[in-house]
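Enquirer: Residue numbers (our numbering), protein chains in the order written: chain Z, 63 to 297; chain C, 63 to 297; chain S, 63 to 297; chain P, 63 to 297.
Beta carbons: idealized from backbone N, C-alpha and C, even for Gly.
Handing you a structure now.
Number of protein chains: 4
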Amino acid sequence: VEDQNQLRLAGEFTQKNGARLLRGGIFKMRTDPASFQGLGLQALEWISSLKKELSMPLVTEITDARHIEPLLPVVDMFQVGTRNMYNYALLKELGKTKTPVLLKRGFSALAEEWLLAAEYVLKEGNPNVVLCERGIRTFEKATRNTLDLGIVPWVKARSDLPVLVDPSHGTGVSALVPAMCWAAAAAGADGIMVEVHPDPAKAKSDGYQALSFEAFGQMMAQLRQVVKAMGRSLD
Amino acid sequence: VEDQNQLRLAGEFTQKNGARLLRGGIFKMRTDPASFQGLGLQALEWISSLKKELSMPLVTEITDARHIEPLLPVVDMFQVGTRNMYNYALLKELGKTKTPVLLKRGFSALAEEWLLAAEYVLKEGNPNVVLCERGIRTFEKATRNTLDLGIVPWVKARSDLPVLVDPSHGTGVSALVPAMCWAAAAAGADGIMVEVHPDPAKAKSDGYQALSFEAFGQMMAQLRQVVKAMGRSLD
Amino acid sequence: VEDQNQLRLAGEFTQKNGARLLRGGIFKMRTDPASFQGLGLQALEWISSLKKELSMPLVTEITDARHIEPLLPVVDMFQVGTRNMYNYALLKELGKTKTPVLLKRGFSALAEEWLLAAEYVLKEGNPNVVLCERGIRTFEKATRNTLDLGIVPWVKARSDLPVLVDPSHGTGVSALVPAMCWAAAAAGADGIMVEVHPDPAKAKSDGYQALSFEAFGQMMAQLRQVVKAMGRSLD
Amino acid sequence: VEDQNQLRLAGEFTQKNGARLLRGGIFKMRTDPASFQGLGLQALEWISSLKKELSMPLVTEITDARHIEPLLPVVDMFQVGTRNMYNYALLKELGKTKTPVLLKRGFSALAEEWLLAAEYVLKEGNPNVVLCERGIRTFEKATRNTLDLGIVPWVKARSDLPVLVDPSHGTGVSALVPAMCWAAAAAGADGIMVEVHPDPAKAKSDGYQALSFEAFGQMMAQLRQVVKAMGRSLD
Chain Z
63 VEDQNQLRLA GEFTQKNGAR LLRGGIFKMR TDPASFQGLG LQALEWISSL KKELSMPLVT
123 EITDARHIEP LLPVVDMFQV GTRNMYNYAL LKELGKTKTP VLLKRGFSAL AEEWLLAAEY
183 VLKEGNPNVV LCERGIRTFE KATRNTLDLG IVPWVKARSD LPVLVDPSHG TGVSALVPAM
243 CWAAAAAGAD GIMVEVHPDP AKAKSDGYQA LSFEAFGQMM AQLRQVVKAM GRSLD
Chain C
63 VEDQNQLRLA GEFTQKNGAR LLRGGIFKMR TDPASFQGLG LQALEWISSL KKELSMPLVT
123 EITDARHIEP LLPVVDMFQV GTRNMYNYAL LKELGKTKTP VLLKRGFSAL AEEWLLAAEY
183 VLKEGNPNVV LCERGIRTFE KATRNTLDLG IVPWVKARSD LPVLVDPSHG TGVSALVPAM
243 CWAAAAAGAD GIMVEVHPDP AKAKSDGYQA LSFEAFGQMM AQLRQVVKAM GRSLD
Chain S
63 VEDQNQLRLA GEFTQKNGAR LLRGGIFKMR TDPASFQGLG LQALEWISSL KKELSMPLVT
123 EITDARHIEP LLPVVDMFQV GTRNMYNYAL LKELGKTKTP VLLKRGFSAL AEEWLLAAEY
183 VLKEGNPNVV LCERGIRTFE KATRNTLDLG IVPWVKARSD LPVLVDPSHG TGVSALVPAM
243 CWAAAAAGAD GIMVEVHPDP AKAKSDGYQA LSFEAFGQMM AQLRQVVKAM GRSLD
Chain P
63 VEDQNQLRLA GEFTQKNGAR LLRGGIFKMR TDPASFQGLG LQALEWISSL KKELSMPLVT
123 EITDARHIEP LLPVVDMFQV GTRNMYNYAL LKELGKTKTP VLLKRGFSAL AEEWLLAAEY
183 VLKEGNPNVV LCERGIRTFE KATRNTLDLG IVPWVKARSD LPVLVDPSHG TGVSALVPAM
243 CWAAAAAGAD GIMVEVHPDP AKAKSDGYQA LSFEAFGQMM AQLRQVVKAM GRSLD
């Protein structure tokens, strides 16, 4: 989330094309403390007004247990990012709410550790955990991360939790995102997360990996075919 | 290839279910010099007689430039295995033939290096190179390798060479192979290579990753649907 | 820390052999929520009484910003473990104290990211950050992690912060620990952290990598020689 | 090896400073077939005349079994490079000679696989194998490879073969090479291999990692101290 207008455009467009959740970064995890850190509470207001307008549920990233309380009334799903997968103190606090938790895999987490991290939430009494594969760190430099689709059927065989795939972070290259969305569906993923931006070249962070509206529309059209071939549906 | 009967059964069955190439390991690359090293020239005779019977082209692995000449009359495609991707002396010699070369990606090769290895064959005058992604080495232990499907569209954008995917070696776990075959097709691969064994539990090498006949048949039925959804066909 | 007696023995012995800091795990980060999680506040009492007796400064791991306040009076150094290196919310809170922070490198953190994580503490006004290399995740399975000693001179060329090396976690194999302590000193590290246990075979966690008292003594004797050869001293 | 004069300068200088082997790349392994591939037989003549003049034994890289015979009379040690560690056909042929083989670890080889590769030479009857750790591929980008010094004591505990360390390739950054030479000695390595160039900035390949004469001299002076502290000697 960078400004209110950009947010509205992206929200409306993606909803028309089949998106089911609105995700807005309010506080942004950044490796460098000098980088753009998100807009904080100002964005929260914009997002929650757009959420009502579009009647779309809102997902936002949580990085600090002390933010849970103020966000609880407006947020429909908390996202725990890849760098916080091992933040067990945070996971335990989220386990004490009933709000769904989107738990991204740590970029160097063993799949085994990822399932155990989910246990930290589940054990506290919150059964609403959704897993999200988002690429792992390897020696390969052609892609920002290596999207580990083989882990999707591995997790599905061991857990009843839904599994999403995030090809935007998983590859870091927008040209590869559509093919990886289709592959994720064929691998058995229950959903995908993709970054969309009205003008990817101008995005303040992660622009290189965001889809334009046009590319998103084309991706979704083909995705419907693959999902149907797998005997499932987008609706 | 372990014995003549096992070979015939696997060849007949897979052909009936849509396989287009017969692959038989005559000399086998093994990490441990004390392991089963393949049957050598005896297997060559069996394979070449089965090849005629089934009218299927024969692929075999080549590990030594001095084997090219005796194999040339019977082999329809030379496979360069993951451990020989950097064996430029071998690649150059294969470049002097016109026999197609199936070049597997080194399990720690940058995609860039893989394309450059193909150049070693192409530069010598042999244009018939087929690439095969077969998984890379990462920290993850749930799978034997991490199948890098994101590299498929990356390569397709940079090269006209066909790209296959080998989910058997790519995951090392037979239960994950079907989902990865479907995902490979959705990612844009031009073909897949899978290991099939009449009785995977009894296989002398790599049994854990081979599909039974039944699993192969089910995988192929679903694969047809995904390939069709992608606007392509298996035939 | 498992019991009071074990703690006293290890503290006295290592001090006699040159140890300069007492490290006791009060709350233990565990991947599996069902594992031994540390003794909590009971251990805090034991440790702080031993600390007075031996006049050794106390280091303990911090995993939750809400624990800073109760620990502040007794703790001389907070350790941020490998899984919390990206926990910027915690790092910022530690930056508001003046207590030294031992920042372990994330097991998949780029060295660049590690220095930026240190910035999160420094920027808040706490200049007392000590870095600690503790091994990274790679494909190699002979050791639990791959100790990245090359990063020691890399960091020393870019930062004035002291750099420690932890060969116990870095290799996960006690037999390799002494050689890696000596190598760390020769690489220019400012100190080492090693796990010592009166009876490594009986340790409740990480026993496989702990040194016995005897092995610790022999390691330290040789370490003095290497440190001296490097023109430095242990005192 | 790029020209005769450069070779002589480097040979004379390093010998005076304690070098014991002359290594000259005659045929060079290059990832890109369009890169500088070494000077071939012309360099062989220069090197063999310098070898006589300096009375230093000659090491050269071998990439093709068919080159063994012409090189046998002049070469004192064959180096098998990191990309050929799995080239078992080549290793078997070298096993049929008595010439020592310097076997570099594959940049993604498990230490276990490296020892098994050595077995391919040993089993054929050639007991003269020297191992060389030269860095492995990891996610870290600060260094070209991650030098795995922990594997040195691991190998020493399992094998009687000598183990060298190559910090030039192991780090790919000349500023880090001296510290890694000292660390290798402290880790128990039996020797080190370093690249030296009269004018590193002008080197046609790998210049970034080569030491200048001055840096080499300073490194050797400190190395003597570390080796002595370890109870060994350079002579």
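Compare the beta carbon distance of Leu112 (chain C) and Ile124 (chain C) with 9 Å and say whether it is the shorter of the two.
Expert: Contact: no.
Enquirer: Quick one: complete beta strand (DSSP E) runs, 3+ long, within the stretch 178-222 of chain S?
Expert: List check, beta strand (DSSP E) in window: 191-195.
Enquirer: Counting beta carbon pairs with one atom in the stretch 171-181 of chain Z and one in the stretch 176-184 of chain C, are three or more of them shorter than 8 Å?
Expert: Verdict: no, contact absent.
Enquirer: With distance defined between alpha-carbon atoms, name the residue in C:Leu211, C:Ile254, C:Gly168 nearest to Tyr148 (chain P).
Expert: Closest option to Tyr148 (chain P), Cα to Cα, is C:Gly168.
Enquirer: Going by C-alpha to C-alpha distance, which of P:Leu71, P:Leu164, P:Ser170, P:Lys203 sits closest to Cys194 (chain P)?
Expert: That would be P:Leu164, whose Cα lies nearest to the Cα of Cys194 (chain P).
Enquirer: Nearest chain C C-beta to Glu202 (chain Z) closer than 9 Å, yes or no?
Expert: Output row for Glu202 (chain Z): interface = yes.
Enquirer: Helix, strand or coil for Lys113 (chain S)? Go by DSSP, reduced to three states.
Expert: Lys113 (chain S) falls in the helix class under three-state DSSP.
Enquirer: Secondary structure at Gly253 (chain C), three-state DSSP: helix, strand or coil?
Expert: Here Gly253 (chain C) sits in strand by DSSP.
Enquirer: Is the beta carbon of Ile254 (chain S) closer than 9 Å to that of Leu223 (chain S)?
Expert: Result no, Cβ atoms of Leu223 (chain S) and Ile254 (chain S) do not sit closer than 9 Å.
Enquirer: Round the Cβ separation of Pro229 (chain Z) and Val192 (chain Z) to the nearest angstrom and send it over; I've been treating them as touching at under 8 Å.
Expert: Not really, about 16 Å apart at Cβ, beyond 8 Å.
Enquirer: For chain C, find out if any of its Cβ atoms is closer than 9 Å to the Cβ of Thr233 (chain Z); answer yes or no.
Expert: Interface residue, yes.
Enquirer: Is Arg220 (chain S) close to chain C? Criterion is C-beta to C-beta, closer than 9 Å.
Expert: With 9 Å as the cut-off, Arg220 (chain S) does not count as an interface residue toward chain C.
Enquirer: If we ignore side chains and look at the alpha-carbon of each, how far apart do Asn146 (chain C) and Ala151 (chain P) end up?
Expert: Each residue's Cα considered, the two are about 10 Å apart.
Enquirer: Excluding sequence positions up to five away, which residues of its chain have a Cβ less than 7 Å from the Cβ of Glu202 (chain P)?
Expert: Excluding positions up to five away in sequence, the list reads Thr208.
Enquirer: Does the distance between the C-beta of Thr144 (chain S) and the nearest non-hydrogen atom of the ligand GTP fall short of 8 Å?
Expert: Absence of the ligand GTP from the depicted structure is noted, as is the absence of any ligand whatsoever, leaving it without description.
Enquirer: Nearest chain S C-beta to Arg206 (chain C) closer than 9 Å, yes or no?
Expert: By this cut-off, Arg206 (chain C) is not an interface position.
Enquirer: Mind listing which residues of the stretch 245-264 of chain P have their C-beta closer than 8 Å to chain S's C-betas, in chain order?
Expert: Listed by position, the residues of the stretch 245-264 of chain P near chain S (Cβ gap below 8 Å) are Ala245, Ala246, Ala247, Ala248, Ala249, Gly250.
Enquirer: Throw me the rounded Cβ distance for the Thr233 (chain S) and Thr205 (chain S) pair, which I believe falls under 8 Å.
Expert: Confirmed, Cβ separation roughly 5 Å.
Enquirer: Interface residues of chain B around Arg199 (chain S) at Cβ under 8 Å?
Expert: Looking at the structure shown, chain B is missing, and the protein chains on hand are Z, C, S and P.
Enquirer: Which residue from P:Gly250, P:Asp126, P:Ser274, P:Asp138 puts its Cα closest to that of Asn42 (chain P)?
Expert: No information on residue 42 (chain P) is available, as it lies outside the stretch 63 to 297 that chain P covers here.
Enquirer: Opposite Met139 (chain Z) in the DSSP bridges: which residues?
Expert: Beta-bridge pairing links Met139 (chain Z) to Z:Val121.
Enquirer: Just the C-alpha distance for Ala171 (chain Z) and Thr200 (chain C), rounded to the nearest angstrom, thanks.
Expert: Each residue's Cα considered, the two are about 11 Å apart.
Enquirer: With burial defined as no fewer than 16 other Cβ atoms inside 10 Å of the residue's Cβ, what is the status of Gly212 (chain C): buried or exposed?
Expert: Flag for Gly212 (chain C) reads buried.
Enquirer: Residues bridged to Leu165 (chain S) by DSSP?
Expert: Partner(s): S:Val142, S:Leu193.
Enquirer: Below 8 Å, can you find three or more Cβ-Cβ pairs linking the stretch 273-286 of chain C to the stretch 275-288 of chain Z?
Expert: No, they do not touch.
Enquirer: Return yes when the Cβ of Ala248 (chain S) is within less than 9 Å of the Cβ of Ala247 (chain P), no when it is not.
Expert: Taking 9 Å as the Cβ cut-off, Ala247 (chain P) and Ala248 (chain S) qualify as a contacting pair.
Enquirer: Which residues in the same chain have their Cβ closer than 8 Å to the Cβ of Gln284 (chain Z), if we skip the five residues on either side of it in sequence?
Expert: Only Pro240, Trp244 meet the Cβ criterion.
Enquirer: Mind checking Ser236 (chain S): buried by the 16 CB within 10 Å criterion, or exposed?
Expert: Buried, by the Cβ-count rule.
Enquirer: With the cut-off set at 9 Å, would you say His259 (chain Z) and Leu238 (chain Z) are in Cβ contact?
Expert: For His259 (chain Z) and Leu238 (chain Z), no; Cβs fall outside 9 Å.
Enquirer: Taking the alpha-carbon of Glu115 (chain Z) as reference, which of Z:Arg294, Z:Ala263, Z:Arg70, Z:Ile198 has the nearest alpha-carbon?
Expert: With distances taken between Cα atoms, Glu115 (chain Z) lies closest to Z:Arg70.
Enquirer: Name the DSSP beta bridge partners of Leu273 (chain Z), please?
Expert: Per DSSP, Z:Val258.
Enquirer: Val174 (chain P): which of P:Gly187, P:Val214, P:Glu155, P:Gly157 sits nearest, CA to CA?
Expert: Rather than Val, the amino acid found at residue 174 (chain P) in this sequence is Glu. Taking only the C-alpha atoms, the option nearest Glu174 (chain P) is P:Val214.
Enquirer: Between which two residues does the beta strand (DSSP E) holding Leu226 (chain C) run?
Expert: Where Leu226 (chain C) is concerned, the enclosing beta strand (DSSP E) stretches over 225-227.
Enquirer: Select from the stretch 131-151 of chain P all residues with a C-beta closer than 8 Å to any C-beta belonging to chain C, and list them in chain order.
Expert: From the stretch 131-151 of chain P, only Arg145, Asn146, Tyr148, Asn149, Tyr150, Ala151 have a Cβ closer than 8 Å to chain C.
Enquirer: How would you list, in chain order, the residues of chain S whose beta-carbon sits under 8 Å from the beta-carbon of Asp126 (chain Z)?
Expert: By Cβ distance, chain S contributes Ala127, Ala151.
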